[in-house]
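First up is the structure itself, then whatever we jot down about it.
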Amino acid sequence: MKTFNLADLFEVVVDAVPDRDALVAGEARRTYAELDERANRVANHLIEAGVGAGDHVGIQAWNCAEWVEVMLGCFKARAVPINVNYRYVEDELLYLFDNADLLALFVARDLRERVDAVRPELPALRHVVVFEDDYEDALATVSGERPAVERSPDDPYVLYTGGTTGMPKGTVWRSEDIFMAAMGGGNFGGPPIARPEELADKARQNGLRYLVCAPMMHGGGQWVSFICFYGGGTVILYTGRHFDAGEVWALAERERAQSVMIVGDAMGRPLAESLEGGRYDLSSLRGVGSGGAILSKTVKEQLRERLPGVVVTDSFGASESGASGAVLDFDGPAAGPRFTMAEHTTVLDGDLQPVAPGSGVIGRLARKGHIPLGYHKDPSNTAATFVERDGVRWVLPGDFATVEADGTITLLGRGSVSINSGGEK
Numbered sequence: 137m138k139t140f141n142l143a144d145l146f147e148v149v150v151d152a153v154p155d156r157d158a159l160v161a162g163e164a165r166r167t168y169a170e171l172d173e174r175a176n177r178v179a180n181h182l183i184e185a186g187v188g189a190g191d192h193v194g195i196q197a198w199n200c201a202e203w204v205e206v207m208l209g210c211f212k213a214r215a216v217p218i219n220v221n222y223r224y225v226e227d228e229l230l231y232l233f234d235n236a237d238l239l240a241l242f243v244a245r246d247l248r249e250r251v252d253a254v255r256p257e258l259p260a261l262r263h264v265v266v267f268e269d270d271y272e273d274a275l276a277t278v279s280g281e282r283p284a285v286e287r288s289p290d291d292p293y294v295l296y297t298g299g300t301t302g303m304p305k306g307t308v309w310r311s312e313d314i315f316m317a318a319m320g321g322g323n324f325g326g327p328p329i330a331r332p333e334e335l336a337d338k339a340r341q342n343g344l345r346y347l348v349c350a351p352m353m354h355g356g357g358q359w360v361s362f363i364c365f366y367g368g369g370t371v372i373l374y375t376g377r378h379f380d381a382g383e384v385w386a387l388a389e390r391e392r393a394q395s396v397m398i399v400g401d402a403m404g405r406p407l408a409e410s411l412e413g414g415r416y417d418l419s420s421l422r423g424v425g426s427g428g429a430i431l432s433k434t435v436k437e438q439l440r441e442r443l444p445g446v447v448v449t450d451s452f453g454a455s456e457s458g459a460s461g462a463v464l465d466f467d468g469p470a471a472g473p474r475f476t477m478a479e480h481t482t483v484l485d486g487d488l489q490p491v492a493p494g495s496g497v498i499g500r501l502a503r504k505g506h507i508p509l510g511y512h513k514d515p516s517n518t519a520a521t522f523v524e525r526d527g528v529r530w531v532l533p534g535d536f537a538t539v540e541a542d543g544t545i546t547l548l549g550r551g552s553v554s555i556n557s558g559g560e561k
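Quick note, the working numbering runs 136 ahead of the 1-based positions in the sequence shown.
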C-alpha cells in the first residue's frame with residue numbers, strides 16, 4: 137500500500153502515466169518509466185554500498201537529470217538527499233559535510249577538487265560517485281527494479297539553507313509534511329488529496345510543462361519540480377551554469393513550456409529585457425512564477441507588458457515553513473510586499489498571540505500544521521524557531537509582518553540581513 141512518502145507518491149504517478157515525458161534536462165529526456173527505472177538503480181546502488189534508512193547522501197552539482205535521479209533514488213532507498221551548494225568553497229563544504237553527517241556524495245567532476253581537499257578530515261564520508269566518471273557504471277551494475285523497501289510518511293526530508301544566521305542549517309521535515317506544505321499536496325492551489333492513490337487520476341489529466349530555472353540545490357527548484365511531478369507534468373530543467381535569458385526563452389519555445397519558474401529580479405529583469413523584438417514563439421506560455429525572491433513592481437510590469445495574456449505571480453515561503461502565500465499586486469503605498477495568508481499561516485505577537493487585523497502591531501510570521509521537526513543537530517535554533525502555544529506547535533522563520541484590515545499580510549523583512557543572489561542567501 138502506498139503512503140504519503142515522497143517515493144511512494146512518485147511511483148503512483150509513474151504507474152498512471154509511464155510513457156509521458158517526466159524530465160527534460162539538456163540532452164537528457166526521460167519518460168516517467170525511464171526516470172523511475174534510473175532512480176531504482178540509484179537506490180539499489182546505494183543499498184549495495186551500505187547506505188541505509190536515514191543515512192545522508194550529498195548531491196553537489198549544477199542542474200542536470202542526474203540530480204533528479206539521485207534525489208528520487210535516495211527517497212526510494214529511504215536515504216536522505218542533502219543539497220550541497222555548488223558555490224561553496226572548502227571551509228563551507230567541510231562544515232556542511234560534517235554537520236550533515238554525509239555518508240555518501242554524488243558530485244560533478246568540476247567540483248571534485250574541492251571535495252578531495254576536505255575529504256581527509258571527513259572519515260564518515262566513505263562513498264563518492266563522480267557523475268561524469270562513475271555514475272553510469274554504478275547504475276549499470278545493479279537492478280532497475282524497485283527496491284523491496286517498506287517506506288514511511290515519517291521518512292525525513294532535509295533541506296540545507298544558508299539563511300541569515302551564519303553557517304548552513306539543515307531543516308528536517310517528515311515526508312508527508314513537506315509534501316503537504318511545499319509540494320502542492322497533490323492538488324496545487326486547492327485542498328490536498330486525502331489518499332496517495334488520488335494522484336493517479338490527477339496525473340492522467342493533461343500534465344503541465346514547467347520550465348524550472350531555479351537550481352535544484354535550492355528549495356524552490358526542488359519544490360516546483362515535485363509539484364510538477366506529482367501532477368503528472370513535465371519538468372524542463374534549465375541546465376546552464378550561468379543564467380542566460382535568451383537560452384531560457386529558446387528552451388521555452390522549443391519545449392512548448394506552459395509555465396516558467398524564476399527567482400526574482402536576478403532572472404526576471406534579463407528575461408524581460410530579452411523579450412524586446414518578439415524573437416520567440418511563446419504562444420504556449422500561460423504563466424511566469426517567481427519564488428525565492430520577490431519581483432519588483434517594475435520588472436513584473438515589464439514581463440506582463442511583453443508577455444500579454446501571461447499571468448505573472450510571486451510566491452512567498454521559507455525552508456522552515458514551505459509555501460506561505462501568494463504576493464498581491466498593490467498600487468498604494470506599502471511598507472513591504474503584501475500577500476494572502478495560506479491556510480495555517482498567521483502573524484503572532486511577542487506573547488505568541490495572533491495579531492489583530494488592522495491593529496498596526498508588528499509580529500512574526502508563523503505557521504502551524506505541516507511544519508518541520510526542527511534543525512539537524514541544532515537544538516538551540518530549533519528551540520528558538522519552533523515554539524508551542526496552548527498545545528499548538530508553530531514555526532517562526534524570522535520574518536516580521538503586520539496584518540492589514542482586510543486580513544492580508546504585509547511583510548516587513550527579517551531581523552537579520554543577508555544578500556539574496558538568485559534565491560541563494
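Glycine included, each C-beta is placed from N, C-alpha and C at the ideal position.
Check: Mind pulling the alpha helix (DSSP H) runs of 4 or more residues that sit fully within the segment 302–343?; Outcome: 311–318 and 334–340
Check: Could you compute how far the alpha carbon of Ala213 sits from the alpha carbon of Ser432?; Outcome: 42 Å
Check: Excluding the 5 residues preceding and the 5 following Phe140 in the sequence, name in chain order all residues of the same chain whose CB lies nearer than 7 Å to its CB.; Outcome: Pro289, Ser311, Glu312, Phe315 and Pro332
Check: Does the segment 145–163 come close enough to the segment 366–381 to have 3 or more Cβ pairs within less than 8 Å?; Outcome: yes
Check: On the DSSP bridge assignment, give the partners of Ile183 in chain order.; Outcome: Answer by DSSP bridge pairing: none, since Ile183 is not bridged.
Check: According to the neighbour-count rule (16 or more other Cβ atoms, all chains shown, within 10 Å of its Cβ), is Val553 buried or exposed?; Outcome: Caution is warranted here: a pLDDT of 43 is assigned to Val553, below 50, making its placement in the model unreliable, and no coordinate value can be reported.
Check: Does the structure place the segment 230–238 close enough to the segment 250–258 that three or more beta carbon pairs sit under 8 Å?; Outcome: yes
Check: Trp530 by DSSP, collapsed to three states: which one?; Outcome: strand
Check: Comparing alpha-carbon positions, which option in Met353, Lys305 and Ala276 lies nearest Asn199?; Outcome: Met353
Check: The beta strand (DSSP E) spanning Met397 covers which residue range?; Outcome: Ser395 to Ile398
Check: Tell me which same chain residues have a C-beta within less than 8 Å of the C-beta of Phe267, skipping the five on either side of it?; Outcome: Ala197, Cys200, Glu202, Phe242, Val243, Ala244 and Arg245
Check: What do you reckon, are the CB atoms on Ala317 and Val148 nearer than 7 Å?; Outcome: no
Check: Hey, Thr481 and Gly461 are a contact pair by Cβ (cut 8 Å); roughly how many whole angstroms apart?; Outcome: 6 Å
Check: Write down the C-beta distance between Ile398 and Pro283 rounded to the nearest angstrom, noting that I regard them as a contact closer than 8 Å.; Outcome: No, Ile398 and Pro283 are not in contact; Cβ-Cβ is about 36 Å, not under 8 Å.
Check: Taking the alpha carbon of Val448 as the reference point, which residue from Ser457, Ala459, Ala454 and Val463 has its own alpha carbon closest?; Outcome: Val463
Check: Is it buried or exposed, Asp487, if we count other Cβ atoms within 10 angstroms and call 16 or more buried?; Outcome: exposed
Check: Residue ranges of each beta strand (DSSP E) run of no fewer than 3 residues wholly in the segment 391–454, ordered along the chain?; Outcome: 395–398, 423–426 and 447–454
Check: Can you name the start and end residues of the alpha helix (DSSP H) that Lys212 belongs to?; Outcome: Ala201 to Ala213
Check: Is the distance from the Cβ of Val220 to the Cβ of Gly194 below 7 Å?; Outcome: yes
Check: For the alpha helix (DSSP H) that contains Pro515, what are its first and last residues?; Outcome: Pro515 to Thr521
Check: Grab the span of the alpha helix (DSSP H) containing Ser361 for me, first residue to last.; Outcome: Gly355 to Tyr366
Check: Give the C-beta separation of Tyr222 and Leu247 to the nearest angstrom, bearing in mind that I take them to be a contact with Cβ-Cβ under 8 Å.; Outcome: 6 Å
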